[in-house]
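Participant: So that you can map any letter, position 417 of the sequence shown is 417 in full-length UniProt numbering, and since no number is skipped, the others follow by simple counting.
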Amino acid sequence: MARNLGRALVVGFLGVVLLISILGANFAVGVDRTALDSEFVKESLEEEDAYAVLLEEIQREMAEGMADGTVEDEPDPEELIAEVVTEEYLQEQTEANVDRLYAYLHGDREELYLAVETETLKDELAPKIAESVVDTAELRELDPTFAALTESESEFEATRAEFEEEQKQRIQEETTPHLTDEELDEAYEESREEIREEAIAELEADIADEEYPPEVESAVLELGTVYVDGLIEEDLTYDEFMERVEDAEASVLEAAETAAHNQLDEELPDTVELTEELTEEDRENLETVRDGVSLLGILAIVLPLVAIVVSAFVGWFTVTRSAGLLVVGSASTLAGVITVAGLEISQDVIETELEAAAGQGEIQPELVALVLGLLDRTLAVFFSQSWVLVGLGLLLVIGGIAIRTGVVPVSDRPAAETGDEVQDSTEGDVGVVADDDIEEDDAGEEDDAGEESTAEDGDEKIAEDDVNADAEGQFDDESPSG
1 MARNLGRALV
11 VGFLGVVLLI
21 SILGANFAVG
31 VDRTALDSEF
41 VKESLEEEDA
51 YAVLLEEIQR
61 EMAEGMADGT
71 VEDEPDPEEL
81 IAEVVTEEYL
91 QEQTEANVDR
101 LYAYLHGDRE
111 ELYLAVETET
121 LKDELAPKIA
131 ESVVDTAELR
141 ELDPTFAALT
151 ESESEFEATR
161 AEFEEEQKQR
171 IQEETTPHLT
181 DEELDEAYEE
191 SREEIREEAI
201 AELEADIADE
211 EYPPEVESAV
221 LELGTVYVDG
231 LIEEDLTYDE
241 FMERVEDAEA
251 SVLEAAETAA
261 HNQLDEELPD
271 TVELTEELTE
281 EDRENLETVR
291 DGVSLLGILA
301 IVLPLVAIVV
311 SAFVGWFTVT
321 RSAGLLVVGS
331 ASTLAGVITV
341 AGLEISQDVI
351 ETELEAAAGQ
361 GEIQPELVAL
371 VLGLLDRTLA
381 VFFSQSWVLV
391 GLGLLLVIGG
401 IAIRTGVVPV
411 SDRPAAETGD
421 EVQDSTEGDV
431 GVVADDDIEE
441 DDAGEEDDAG
451 EESTAEDGDE
461 KIAEDDVNAD
471 AEGQFDDESP
481 SG
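#1: Could you give the C-beta distance for Asp-270 and Glu-117, rounded to a whole number, given that I count them as a contact under 8 angstroms?
#2: For a quick check, are the C-beta atoms of Leu-80 and Lys-122 less than 8 angstroms apart?
#3: Going by the DSSP bridge assignment, what does Thr-271 pair with across the sheet?
#4: Distance, Cα to Cα, Arg-7 vs Leu-45?
#5: For Gly-15 versus Val-327, is the C-beta spacing smaller than 8 angstroms?
#6: Would the C-beta of Ile-58 count as close to the ligand SAH, meaning under 7 angstroms from any of its heavy atoms?
#7: For Thr-352, decide whether its Cβ has a neighbour in chain C, counting only Cβ atoms nearer than 8 angstroms.
#8: Which stretch, first to last residue, makes up the alpha helix (DSSP H) that contains Ala-335?
#9: The alpha helix (DSSP H) with Pro-365 in it runs from where to where?
#10: Taking all protein chains shown into account, decide if Gly-30 is buried (16 or more other Cβ within 10 angstroms of its Cβ) or exposed.
#11: Does DSSP put Asp-99 in a helix, in a strand, or in coil?
#12: Tell me whether the beta-carbon of Leu-236 lies closer than 8 angstroms to the beta-carbon of Thr-136.
#13: When the distance is taken between beta carbons, is Gly-400 closer than 8 angstroms to Ser-332?
#14: Which residues in the same chain have their Cβ closer than 7 angstroms to the Cβ of Asp-412, if we skip the five residues on either side of it in sequence?
#15: What residue ranges within the region 8-53 form continuous alpha helix (DSSP H) runs of no fewer than 4 residues, ordered along the chain?
#16: From this set, Val-134, Ile-22 and Leu-101, which residue's C-alpha is nearest Asp-37's C-alpha?
#17: In its own chain, which residues sit with a C-beta less than 6 angstroms from the C-beta of Tyr-51, not counting the 5 before and 5 after it?
#18: Name the two residues that bound the continuous alpha helix (DSSP H) containing Glu-157.
#19: Suppose contacts are defined by Cβ-Cβ distances below 8 angstroms. Is Thr-279 in contact with Leu-114 by that definition?
#20: In this structure, does DSSP put Val-410 in helix, strand or coil?
#21: Please classify Glu-249 as buried or exposed, where buried requires at least 16 other C-beta atoms within 10 Å of its C-beta.
#22: Alpha carbon to alpha carbon, how far is Ala-199 from Thr-176?
#23: Let me know if Gly-224 comes out buried or exposed under the rule of 16 or more other beta-carbons within 10 Å of its beta-carbon.
#24: State the DSSP-derived secondary structure class of Glu-440, mapped to helix, strand or coil.
#25: Find the nearest neighbour of Ser-21 within the set Ser-311, Glu-202 and Val-381, judged by alpha-carbon distance.
#26: Taking 7 angstroms as the limit between beta carbons, can you name the residues of its chain near Thr-258, skipping five residues before and five after?
#27: Confirm, please, whether the CB-CB distance from Asp-99 to Tyr-227 is below 8 angstroms.
#28: If you draw a straight line from the alpha carbon of Thr-70 to that of Leu-268, how long is it in whole angstroms?
#29: Near Glu-83, which residues of its chain fall below 7 angstroms by C-beta distance, leaving aside the five closest residues on each side in sequence?
#30: If you follow the alpha helix (DSSP H) that Arg-109 is in, where does it begin and where does it stop?
#31: Cα-Cα, which of Ile-363, Thr-378 and Leu-396 is closest to Leu-54?
#32: Assuming the contact rule is C-beta atoms closer than 8 angstroms, Glu-141 and Ala-147 should be a hit. Round their C-beta distance to whole Å, please.
#33: Could you name the residues of the same chain whose beta carbon sits closer than 8 angstroms to that of Val-289, not counting the 5 residues immediately before and after it, in chain order?
#34: Classify Glu-26: buried if its beta carbon has 16 or more other beta carbons within 10 angstroms, exposed otherwise.
#35: Could you name the residues of the same chain whose beta carbon sits closer than 7 angstroms to that of Val-371, not counting the 5 residues immediately before and after it, in chain order?
#36: Exposed or buried, which one is Gln-93 when buried takes at least 16 other CB atoms within 10 Å?
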């Protein structure tokens, strides 16, 4: 009785240990497959369109910053960044940092290194800044005649003729006595270079007021010089003029782009190291997280093995096979049910809190939808694992019941127990056989004694018959003589 009670207590204790180990293994393996798996994280972010949501958030913040800007005409690189940041760029930088972070957490990197590569971003951002700094179409408005020169060939010729006439009239007004047409033509030819220099000087003063960067100012002045030459240079055709204009405008944009890139290089390095902003406390917290990740990785391997070993011990300590299956199956089923119930409750609480925060305007609805999507993908792994435990546990319970009730033609007793019963039965049979042999020996001895007695009686009777026969023979011999 005491032995059975002790065995029951041991099995009960093992059942509790098995339940705890299965619960822990389910949690550790689930975390290792989700939150601690960089590939799962990257795939989840991509599947849930996280980068589109993040891009919209960046653009929204940039729009608010532009609305609050103090200098309307002066572009800020941060205001233009939303135009060049793409989902592909965000995904590339995010995945690179996810890989670096998880390499650190799993011990593959000694130091944490998180960074954003901005060189490609600056290459795309510089032209945007250049276009906002210098508008070649606006440069034509520096002088009304500049715009007229580029409209068409006829307008080009008409504008040149009108300019020449204005200059001749000015010369005529400044000259005494009155010049003939021929003299006026000669005076204009002699004054072309002087007129050109005066126009360029006036243009240079106007450009200086625009406060362009030095390299841009030089390129803009060259473009203005092309327009001046379009008015003054003799025998210049429209096609030649437009070719010069296009080349000069390209030079202006190139200079503006170079200036913008230089400005970006001063304000934004090619690589922004995010980890430089971490405090000592932040680094200590990351070390703690790293230790926890290492421990979870070990538990994800050890706890399933512990559950298997404990299950084997349960099967060894239980008297019957069905009892072992029932204990292990019940523990597995209960562990799965507990996990599913806990996850359902936690999911409802988190969803309620996030939706409430979104309703109060604390979080953007798009971000809430993203977080809930990531949460659903993560919990789906835990749910699948838990339902596998429930299914496996129910199969073991059903198998135990089937063996106990005799539905399955399998002995409920382990092999050792069955052997003991066979040995006891054999010993009983040997005793019975021995008793039968003794009885048979006694009976045989009695039969032998009877046979010997009968033989002795027969011998005595034969001897008596012989004596009688001899006596009769003597009597017969004596009778004739008498």
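Backbone N, C-alpha and C define an ideal beta-carbon position, used for all residues, glycine too.
Facilitator: Put simply:
#1: 7 angstroms
#2: no
#3: Residue pairing by DSSP places Thr-271 opposite Glu-117 in a beta bridge.
#4: 52 angstroms
#5: yes
#6: This structure lacks the ligand SAH, and indeed carries no ligand of any kind.
#7: The structure shown has no chain C; it contains just one protein chain.
#8: Where Ala-335 is concerned, the enclosing alpha helix (DSSP H) stretches over 321-359.
#9: 365-405
#10: Burial call: buried.
#11: DSSP places Asp-99 in helix when its eight states are reduced to three.
#12: no
#13: Not in contact: Ser-332 and Gly-400 (Cβ atoms no closer than 8 angstroms).
#14: Taken in chain order, the residues that qualify are Thr-320, Arg-321, Ser-322, Ile-403 and Arg-404.
#15: 38-47
#16: Leu-101
#17: Glu-87, Leu-90 and Gln-91
#18: Taken as a continuous stretch (DSSP letters only), the alpha helix (DSSP H) holding Glu-157 covers 153-174.
#19: no
#20: coil
#21: Around the CB of Glu-249, 16 or more other CB atoms lie within 10 Å, so the residue is classed as buried.
#22: Rounded to the nearest angstrom, the two C-alpha atoms are 24 angstroms apart.
#23: buried
#24: With a pLDDT of 41 at Glu-440, under the threshold of 50, the modelled position of this residue cannot be trusted; read the value that follows with caution. The DSSP-derived three-state label of Glu-440 is helix.
#25: Ser-311
#26: Glu-215
#27: no
#28: Annotation note: pLDDT 40 at Thr-70 (below 50); position unreliable, coordinate value reported separately. Roughly 21 angstroms separates the two Cα atoms.
#29: Lys-128
#30: Per DSSP, Arg-109 belongs to no alpha helix (DSSP H) and is neither H nor E.
#31: Ile-363
#32: 6 angstroms
#33: Within the same chain, Val-289 has close Cβ partners Leu-105.
#34: It should be pointed out that residue 26 corresponds to Asn in this sequence rather than to Glu. Classification of Asn-26: buried, given that the 10 Å Cβ count is 16 or more.
#35: Leu-354
#36: buried
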